[in-house]
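Student: My structure is below; once you've seen it, I'll send some questions.
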Amino acid sequence: MIRLNIDGKDIWAKEGSTILEAAQLYGIEIPTLCHHPVLTPYGACRLCSVEIIQKGRSRVVISCLYPVSEGLEVKVNSERVARLRRSILELLLARCSKSEKIRELAREVGISEPRFKVEDDDCILCGLCVRACREISEKKILAFVGRGTQKEVAAPFFEPSPECIECGACAYLCPTGAIRYEDGKLIFPWMKKTSAVGIT
Amino acid sequence: MKIKSLEDLDAIKAEGLKSLYPDKPKVSIGMASCGLATGAGRIWDALSQEAEKGTHDFVLAQTGCIGYCQKEPIIDVLRPGKPRVFYREMSPEKALEVVGSLKNGEANTEWALCKMVEEDFLLDDEVRKLGDESPSSDICLSSELGFYNKQLKIALRNCGFIDPENIKEYIARGGYRALWKVLKEMTPQEVIEQIKQSGLRGRGGAGFPTGTKWESCRRASGGIKYVICNADEGDPGAYMDRSVLEGDPHSVLEGMLIGAYAVGSQEGYMYIRNEYPLAIKRIKMAIEQAKEYGLLGEDILGTGFSFHLKINRGGGAFVCGESTALMASLEGKPGEPRAKYVRSVERGLWDRPSTLNNVETWANVPAIVVKGADWYSQIGTEKSKGTKVFSVVGKINNTGLVEVPMGISLREIVEDIGGGVPEGREFKAVQTGGPSGGCVPASLIDLPVDFEQLTRAGSMMGSGGMIIMDQDTCMVDVARYFLAFLEEESCGKCVPCREGIKRSLQILTDITEGYGREEDLETLEDLATTLRDGALCALGTSAANPVLSTLQHFRNEYEAHILDKKCPAGVCTNLIEYSIDPEKCTGCTRCVRVCPQEAITGEKKEPHIIDTSKCIKCGSCVEVCKFDAIIKR
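Quick mapping for you: the protein sequence lines, in order, are chains A and B. Here our numbering is used: position 164 in the first sequence is 462, and no number is missing along the way. Here our numbering is used: position 199 in the second sequence is 629, and no number is missing along the way.
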């Protein structure tokens, strides 16, 4: 077992586990949007950032991927981290201004209106659906397409796939409701825009 | 023929020397991409026809880039026992004339750039005397030319001097000696020690100590290890890696072989961007030739050491120059970086220990092995050893590829080597480090150039792009340009980079369009902190540098845009207005004829006026006015 210190409290963790896993076992809360215990960590939302101090030097890392090590000192809510989280939530709120989940998280850190031009997207590209489709149902239908600001979640040709078994893992895990069940049918984010445009 | 002994190597060296210095005149044409773009191919055609005619007895050869891009196409003429003379700005006609003058034994002096009376092979201790003669004494020595006299070529040692498609010429100039020495006389640990002591640091941008990287990879557990060459050079304005691969591919190959031996790898990859077709062609040829001579493949030089190298072409994503994204791309996955909490030297390509270095780093390795760590570490500054290749571009007289010792001042690069900014213009700043770098202002022109100093000035070394800017460059617009580049190239995985760059760009665009608000600067600084602390890879963490460095050194320009709604450099079209100075206008009507909006009116020979409501600020009138009568404000 490895001993580390989170916010002044000594805790023990299995070798090879991450800071987030260790913290969760002790009930220490670290916010995340793209993490799920049964899926491969992805490290995209950066909300689980924490500050670590090693050999007297401080650094911000993401707890869902950073492996524990003996004597590691972790600060979950330092000023630097709090500022980063607030900024990430502000950016997400500007992207998904209508999402109840994001609004709520942003409210918790004191942001009601972002300083940026607001948009009305549903998807935050956390990749939970993509990983669920690959790792739980093993169908590998959902994937990321495009790059940067053009990136989106899609199935081949932006069409419902005949391979889909409608297990609903994607909808179940989606934090913002971008993928959801409506009238017994799965609704995907691309359906909003592709009805008129077709394949983009 | 497989090389198995030093005698074999010497025999090939002798053949190579014959081809480097034939017993009749030799005309070499610089045929890297830069030369070809300016017409070297047409010169080649003209001279090959001439050679076929047989009126003049000469050998025609191709070579790589000699660095002086401004003067391309460049050819050089080497006559037995005479100096090597370089000719600038050649055309097929001029080249024919130069060749024609060979017949009466005299060197043409009209278009001569410079000459060399001796050549230092660097890897051999011998300096080869070429001879001198009176007529060409009118031509200055290359060492007297401002462009060359402060340069020290290690990575570029062979570029412009050998035919890159001829392995024999590479061997003739001391090539593959280092590999021989390493495989026959040194243990892997000794190689690592030597590289560590030399102080060589990665030339791709981050400047990580190369020897330390190799050592970690050697120590990492795992049977299969990889060495990788990063040739996905993507910074706007940077082309040093392309030039090395096009001009001297074997130096990279030899470096990788040495690295592979040191870390214990038998398999490697060259990740090269698809936009470099000539570099790909030449490295492919180099690989085939090396295999033929027993320098690559199984049982190299008869030592039992084996190494296989594959080429992988990049699909055009800038982020694939980031080491972990590059490895993901090599694995056939989307080019997205991953967290580096476990380093690639332990778990890299296919989760196996991997050593990745960039082209220029690899090209330095053979020279260090042959000349020794002490020799290398004497060059440069305390923490930045050796030389660095820079591509000096932008508003500068001598655009070119230069290799200089670390610690040289920015002034020497800009003024002495680059020849300063064109006449009548004022040097304002130099942008270094690519899109993740920053702008160093003219006030810091005496800054010694090395990893530490550039970082301290708010910029970075990066891969070595240097874009010189003059008073007509708007620094807010520069920041906007680089952020636009980064937005396009962000992989989109992590929130800070994808959303943070996008929002920074929106704010910068607003400022350049005249919609800037006072609080914008604070928001930009906030986003910069978010990027630095929160982004996944170096593309994101350094993305704010263009903004931060321009804010640090040119805050007044931001304020002029935001508060006065003026662009002092006269670039941001929303913030400038064109008018005509009645004192200077002669009423020649040239501007009237080019104005696409018919916004300019006036009687002939009387001062004209611009109707600002029609003017689209295209600048056509400025270009044609011979009297500097158009005022941009």
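In this text, a Cβ means the ideal position worked out from N, Cα and C, and glycines have one as well.
Since C659 (chain B) contacts W792 (chain B) with CB under 8 Å, what's their CB separation in whole angstroms?
Tutor: Within the second sequence, the letter at position 229 stands for residue 659 (chain B). Within the second sequence, the letter at position 362 stands for residue 792 (chain B). Going by Cβ atoms, the distance from C659 (chain B) to W792 (chain B) rounds to 6 Å, so yes, they are a contact pair.
Student: Does DSSP classify E1053 (chain B) as helix, strand or coil?
Tutor: The residue you call residue 1053 (chain B) lines up with position 623 of the second sequence. Shown here, E1053 (chain B) sits in a helix according to DSSP, grouped into three states.
Student: Is there at least one Cβ from chain B nearer than 7 Å to C431 (chain A)'s Cβ?
Tutor: Numbered from 1 along the first sequence, position 133 holds the residue referred to as residue 431 (chain A). No, its Cβ sits nowhere closer than 7 Å to a Cβ of chain B.
Student: Should E684 (chain B) go down as buried or exposed, given a rule of 16 or more other Cβ atoms within 10 Å for buried?
Tutor: As a first step, residue 684 (chain B) must be located in the second sequence, where it is residue number 254. So E684 (chain B) counts as buried.
Student: Only counting the same chain, and skipping five residues up and downstream in sequence, which positions put a Cβ closer than 7 Å to that of D481 (chain A)?
Tutor: For the purposes of this step, residue 481 (chain A) is identified with residue 183 of the first sequence, where counting begins at 1. Contacts found: none.
Student: Between A:G425, A:K437 and A:V374, which has its C-alpha nearest E464 (chain A)'s C-alpha?
Tutor: Here residue 464 (chain A) refers to the residue found at position 166 of the first sequence. Here the closest residue by C-alpha is A:K437.
Student: Which residue spans inside the segment 700-776 of chain B form an unbroken beta strand (DSSP E) run of at least 3?
Tutor: 738-744
Student: Quick check on the DSSP output: the alpha helix (DSSP H) that includes K1020 (chain B) runs from which residue to which?
Tutor: On the second sequence, position 590 is the one that residue 1020 (chain B) refers to. Note on identity: in this sequence residue 1020 (chain B) is Arg, with Lys being the wrong assignment. That run of the alpha helix (DSSP H) goes R1020 to V1024.
Student: Spatial neighbours of F912 (chain B) within its chain, please: CB distance less than 6 Å, with the 5 preceding and 5 following residues excluded, ordered by chain position.
Tutor: Taking the second sequence and counting its residues from 1, one reaches residue 912 (chain B) at position 482. So the list reads P865 and P976, once near-sequence residues are dropped.
Student: Answer with buried or exposed for E540 (chain B), where buried requires no fewer than 16 other C-beta atoms within 10 angstroms of its C-beta.
Tutor: Indexing the second sequence from 1 puts residue 540 (chain B) at position 110. E540 (chain B) should be labelled exposed.
Student: Name the chain A residues that come within less than 7 Å of P926 (chain B), Cβ to Cβ?
Tutor: The residue given as residue 926 (chain B) occupies position 496 in the second sequence. Residues of chain A passing the Cβ test: R344 and I386.
Student: Applying the criterion that 16 or more other CB atoms from any shown protein chain within 10 Å of the CB defines a buried residue, is L954 (chain B) buried or exposed?
Tutor: Translated into positions along the second sequence, residue 954 (chain B) becomes position 524. Buried, since its Cβ has 16 or more Cβ neighbours within 10 Å.
Student: Which same chain residues end up closer than 6 Å to L450 (chain B) when comparing Cβ atoms and leaving out the 5 residues on each side of it in sequence?
Tutor: Looking up residue 450 (chain B) in the second sequence gives position 20. These residues qualify, in order along the chain: E599 and A602.
Student: Taking only beta-carbon atoms, is T971 (chain B) less than 7 Å away from chain A?
Tutor: As a working note, residue 971 (chain B) is residue 541 in the second sequence. No, T971 (chain B) does not count as interfacial toward chain A.
Student: Applying a beta-carbon distance threshold of less than 8 Å, which residues of chain B neighbour S347 (chain A)?
Tutor: For the purposes of this step, residue 347 (chain A) is taken as residue 49 along the first sequence, with counting starting at 1. In chain order: D963 and G964.
Student: Measuring CA to CA, which of B:E919, B:N827, B:K711 and B:R933 is closest to G664 (chain B)?
Tutor: Sequence index remark: in the second sequence, residue 664 (chain B) carries index 234 (1-based). Checked all of B:E919, B:N827, B:K711 and B:R933; the closest Cα to G664 (chain B) is B:E919.
Student: Please classify E1053 (chain B): is it buried, with 16 or more other beta-carbons within 10 angstroms of its beta-carbon, or exposed?
Tutor: Taking the second sequence and counting its residues from 1, the one referred to as residue 1053 (chain B) is at position 623. Result: exposed.
Student: Leaving out five residues before and five after L967 (chain B) in sequence, what residues of the same chain have Cβ atoms less than 6 Å from its Cβ?
Tutor: As a working mapping, residue 967 (chain B) is identified with position 537 in the second sequence. Contrary to the premise, residue 967 (chain B) reads as Cys rather than Leu in this sequence. E752 and P767, listed in sequence order.
Student: Given a cut-off of 7 Å on the beta-carbon distance, is the pair L552 (chain B) and E833 (chain B) in contact?
Tutor: Position 122 of the second sequence holds residue 552 (chain B). Position 403 of the second sequence holds residue 833 (chain B). No, the pair does not count as a contact, with Cβ atoms beyond the cut-off.
Student: Among B:V557, B:R514, B:E595 and B:L571, whose alpha-carbon lies nearest the alpha-carbon of G446 (chain B)?
Tutor: Your numbering for residue 446 (chain B) matches position 16 in the second sequence. Checking every option, the nearest Cα to that of G446 (chain B) belongs to B:E595.
Student: According to DSSP, simplified to helix, strand and coil, what is V834 (chain B)?
Tutor: Your numbering for residue 834 (chain B) matches position 404 in the second sequence. Strand at V834 (chain B).
Student: Is the Cβ of L302 (chain A) closer than 7 Å to any Cβ of chain B?
Tutor: For this step, residue 302 (chain A) is matched to residue 4 along the first sequence. By this cut-off, L302 (chain A) is not an interface position.
Student: Shorter than 6 Å, the distance from the beta carbon of D554 (chain B) to the closest heavy atom of the ligand HEM, or not?
Tutor: Ligands in the displayed structure: none, and consequently the ligand HEM is not present.
Student: Mind pulling the chain B residues with CB within less than 9 Å of L440 (chain A)?
Tutor: Counting from 1 along the first sequence, the entry for residue 440 (chain A) is found at position 142. Chain B residues near L440 (chain A): none, gap ~14 Å exceeds 9 Å.
Student: Does I1046 (chain B) get closer than 7 Å to chain A when you measure Cβ to Cβ?
Tutor: By 1-based counting over the second sequence, the position of residue 1046 (chain B) is 616. Not an interface residue.
Student: Please list the partners that T389 (chain B) has in chain A, where partner means a Cβ-to-Cβ separation under 9 Å.
Tutor: Here chain B has residues from 431 to 1063 only, and residue 389 (chain B) is not among them.
Student: How is the beta strand (DSSP E) around F820 (chain B) delimited, first residue to last?
Tutor: Taking the first residue of the second sequence as 1, we reach residue 820 (chain B) at position 390. Following the DSSP letters along the chain, one finds F820 (chain B) inside the beta strand (DSSP E) bounded by residues T817 to G824.
Student: With a threshold of 8 Å, are at least 3 pairs of Cβ atoms found where one atom belongs to the segment 934-947 of chain B and the other to the segment 1004-1019 of chain B?
Tutor: yes
Student: Would you kindly work out how many angstroms separate the C-alpha atoms of F638 (chain B) and A491 (chain B), rounded to a whole number?
Tutor: Here residue 638 (chain B) refers to the residue found at position 208 when the second sequence is read from its first residue. Here residue 491 (chain B) refers to the residue found at position 61 when the second sequence is read from its first residue. So the alpha carbons of these two residues sit roughly 38 Å apart.
Student: I need the boundaries of the beta strand (DSSP E) containing E480 (chain A), first residue and last residue.
Tutor: By 1-based counting over the first sequence, the position of residue 480 (chain A) is 182. Taken as a continuous stretch (DSSP letters only), the beta strand (DSSP E) holding E480 (chain A) covers R478 to E480.
Student: Would you check if the distance between the CB atom of G922 (chain B) and the CB atom of R445 (chain A) is smaller than 7 Å?
Tutor: On the second sequence, residue 922 (chain B) is found 492 positions in, with the first residue counted as 1. On the first sequence, residue 445 (chain A) is found 147 positions in, with the first residue counted as 1. Yes, they are a contact pair.
Student: Just the C-alpha distance for D453 (chain B) and L675 (chain B), rounded to the nearest angstrom, thanks.
Tutor: Here residue 453 (chain B) refers to the residue found at position 23 of the second sequence. Here residue 675 (chain B) refers to the residue found at position 245 of the second sequence. Taking the straight line joining both Cα atoms gives about 29 Å.
Student: Could you name the residues of the same chain whose beta carbon sits closer than 6 Å to that of K721 (chain B), not counting the 5 residues immediately before and after it, in chain order?
Tutor: The residue given as residue 721 (chain B) occupies position 291 in the second sequence. Only G727 meet the Cβ criterion.
Student: Can you name the start and end residues of the beta strand (DSSP E) that I1060 (chain B) belongs to?
Tutor: Along the second sequence, read from residue 1 onward, the residue named residue 1060 (chain B) stands at position 630. Start and end: I1060 to K1062.
Student: Per DSSP, what kind of secondary structure is G306 (chain A) in: helix, strand or coil?
Tutor: Locating residue 306 (chain A) in the first sequence gives position 8, counting from the first residue. Correct three-state label for G306 (chain A): coil.
Student: Can you give me the Cβ contacts of R429 (chain A) inside the same chain, cut-off strictly under 7 Å, excluding the 5 residues immediately before and after it?
Tutor: As a first step, residue 429 (chain A) must be located in the first sequence, where it is residue number 131. Excluding residues within five positions, the ones whose Cβ falls inside 7 Å are L337, T338 and Y340.
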